[in-house]
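Undergrad:
Protein chains: 2
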Amino acid sequence: MRALSSFREFKPPELDFVQQFKMGELVVDAGATIFLEGSDSPHIYTLLEGWALRYRMLESGRRQVLNFALPGDLIGLQSVLFDKMLHSVQALTPVRLCVFSRQRLWELYERHSGLAYDLTWIASREESILAEHLTYVGQRNALARLAYIIMHVMERCRKLGLVVNDTLATPITQQDLGDAMGLSIVHTNKTLRRLTATGAIEWRRGGIVVRNAAELTRLADYEKRETQPRPFI
Amino acid sequence: MRALSSFREFKPPELDFVQQFKMGELVVDAGATIFLEGSDSPHIYTLLEGWALRYRMLESGRRQVLNFALPGDLIGLQSVLFDKMLHSVQALTPVRLCVFSRQRLWELYERHSGLAYDLTWIASREESILAEHLTYVGQRNALARLAYIIMHVMERCRKLGLVVNDTLATPITQQDLGDAMGLSIVHTNKTLRRLTATGAIEWRRGGIVVRNAAELTRLADYEKRETQPRPFI
DNA sequence: CGTTACCTTGAATCTCCTCAATACACGTGG
DNA sequence: CCACGTGTATTGAGGAGATTCAAGGTAACG
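So the protein lines, in turn, are chains F and H. Read in order, the letters of the first sequence correspond to residues 1 to 233 in this note's numbering. Read in order, the letters of the second sequence correspond to residues 234 to 466 in this note's numbering.
Here you go:
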């Protein structure tokens with residue numbers, strides 16, 4: 001419930017609306033497909049707990065990971081705006097979802113302009129994340145790409161309190177990282193070993209440790225672009 | 234004025250609002266920067282005439298072209314939602330812009346839920362275009378990437394009536410294409426020559442001719458994802 | 001204790017990049 | 001009208017980075 005509100009305070013009527021907007025909860029197994037590209041679902045979700053993956057599958061068998069979905073993330077907005085989903089979403093762990101009705105979204109736009117604004121904001125933030133990924137995949141080498149995507153995930157998880165002792169427990173595999181940054185699994189592995197060798201991070205089965213955050217940022221050749229949301233007045 | 238409405242019919246009150254929402258027109262020279270990354274503008278625009286480029290510049294001098302802006306496109310929504318632009322926008326030709334006030338956007342959300350919905354829709358469509366670009370840059374080779382980006386531009390321009398006799402007059406350079414698809418200028422050129430040699434397209438100074446659309450689609454290894462907007466009820 | 005998913009490493013190959021040089025088109029000023 | 005500068009396109013050569021193929025190794029799980 002608080003998931004959506006991670007970036008601002010709700011007003012009481014908004015909270016009421018969101019509360020009755022909620023249709024229930026759904027729990028899916030690890031590995032299950034939450035949305036299939038091309039499908040048309042009557043629901044949208046917010047992720048309450050667990051990890052998920054947004055991706056596009058090609059006929060060749062190749063996969064482009066678009067982003068990771070974390071608690072608080074809205075999933076399936078596209079199936080509201082378009083007549084079908086344009087990417088798939090898969091659970092990486094057992095996942096708990098909050099279910100909303102697609103129908104009642106019209107009401108949201110008519111009665112709660114603040115929440116409508118938030119939806120535009122969410123869509124636009126997703127866009128800017130993809131823009132950043134695209135910039136890395138298009139313009140940087142494997143080492144910088146992997147350093148970046150690890151930074152990106154760590155940073156988001158840090159804000160959610162999922163990072164303890166600079167350690168993040170995550171179901172992400174090297175295959176996932178490679179598919180996100182347009183690298184083969186072999187090159188991903190070799191580059192990840194190089195990255196570990198610098199002492200910036202440690203890669204473990206089921207976890208990532210950041211040993212030297214400054215070095216990681218440097219290796220990612222990261223140019224900070226801090227943004228603040230502009231609140232709805 | 235009709236630019237924004239390219240995808241649906243406006244209701245009379247919405248039309249009224251948009252009409253008085255407009256603050257005037259702005260004309261900029263070819264090469265001028267419309268938005269600079271990191272800046273904070275009190276205006277947003279729609280492109281009425283001409284070509285523009287959305288891109289991110291890196292300190293290293295490399296550039297990632299995110300997308301091309303065409304007549305009807307909204308420019309600068311990010312400066313409303315965030316406290317700054319996260320990419321730059323540059324005019325490729327002399328450009329005519331319709332200027333709107335950022336302030337009055339709140340009004341739009343409060344009084345015209347249909348238009349608010351449209352803004353979310355626009356943001357989400359931009360996201361899905363970036364997802365498709367990312368998929369190409371991440372998963373396909375130079376030939377498919379270039380075939381794709383040319384298809385993409387031609388398709389959008391076709392809908393705007395800018396393509397006559399399968400020919401598009403465009404200010405896009407090989408450098409632009411390369412920066413969009415993450416390829417060096419040299420490799421872009423060589424691959425473009427190969428693409429021309431197949432007979433699929435013809436590359437001219439200031440123009441692209443599609444000689445064999447089916448072949449171009451095949452070379453792009455394109456998997457069609459037709460979408461319809463879901464109208465606001 | 002065997003199966004499965006994930007990680008690791010070496011070798012050969014190829015795509016794509018950088019460097020370098022040249023050609024072509026267009027506009028400007030002498 | 002021609003010389004010149006500038007932005008764009010073209011081509012060759014050499015090399016770095018990434019891919020594919022192939023073969024193991026390791027941890028988790030029933």
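Virtual Cβ for every residue (Gly too), placed ideally from N, Cα, C. It should be emphasised that the depicted structure is a prediction, and the values quoted were computed from it without experimental measurement.
Which residues, in order along the stretch 277-308 of chain H, keep a beta-carbon less than 7 Å from a beta-carbon of chain F?
TA: Residues passing the 7 Å Cβ filter: Arg-289, Leu-291, Glu-292, Arg-295, Gln-297, Leu-299.
Undergrad: Less than 8 Å between the beta carbons of H/Tyr-455 and H/Tyr-381, yes or no?
TA: yes
Undergrad: In terms of DSSP beta bridges, what is F/Asn-67 paired with?
TA: The beta-bridge partner set that DSSP reports for F/Asn-67 consists of F/Arg-54.
Undergrad: Rounded to whole angstroms, what's the CA-CA distance from F/Gly-138 to F/Gly-31? Just pull it up for me.
TA: 29 Å
Undergrad: With distances taken Cα to Cα, identify the nearest neighbour of H/Pro-404 among H/Ala-430, H/Trp-339, H/Phe-465, H/Thr-326.
TA: H/Thr-326
Undergrad: For F/Asp-29 and F/Leu-70, what's the separation of their Cα atoms in angstroms?
TA: 16 Å
Undergrad: My parser needs the beta strand (DSSP E) runs of 3 or more residues fully inside the stretch 65-138 of chain F; what are they?
TA: 88-91, 95-101
Undergrad: The alpha helix (DSSP H) that contains H/Thr-406, what's its start and end?
TA: H/Thr-406 -> no alpha helix (DSSP H), and no H or E assigned at all.
Undergrad: Is there a C-beta anywhere in chain F that falls below 8 Å from the one on H/His-320?
TA: yes
Undergrad: Starting from the beta carbon of H/Phe-315, find every residue of chain F whose beta carbon is closer than 9 Å, and list them in chain order.
TA: Trp-121, Ser-124, Arg-125, Ser-128, Thr-227, Gln-228, Pro-229, Arg-230
Undergrad: Any C-beta of chain H sitting closer than 8 Å to the C-beta of F/Glu-223?
TA: yes
Undergrad: Answer yes if the stretch 280-290 of chain H comes into contact with the stretch 312-325 of chain H, meaning at least three C-beta pairs across the two stretches below 8 Å, and no otherwise.
TA: yes
Undergrad: Relative to the C-alpha of H/Val-397, which residue among H/Leu-428, H/Gly-440, H/Thr-406 is closest?
TA: H/Gly-440
Undergrad: Report yes if the C-beta distance between F/Val-99 and F/Leu-36 is below 8 Å; otherwise report no.
TA: no
Undergrad: Could you check whether the Cβ of H/Val-419 sits closer than 8 Å to any Cβ belonging to chain F?
TA: no
Undergrad: Count the CB pairs spanning the stretch 179-191 of chain F and the stretch 155-163 of chain F that are closer than 8 Å, and state whether there are at least three.
TA: no
Undergrad: So with CB distances below 7 Å, who are the chain H contacts of F/Thr-135?
TA: Arg-289, Gln-297
Undergrad: So H/Tyr-278 is in the beta strand (DSSP E); what residue range does that whole segment cover?
TA: 276-282
Undergrad: Can you pull the chain H neighbours of F/Tyr-109, defined as C-beta to C-beta under 9 Å?
TA: Ordered by position in chain H, the residues that pass the 9 Å Cβ test against F/Tyr-109 are Tyr-342, Ser-346, Gly-347, Ala-349, Tyr-350, Thr-353, Phe-465.
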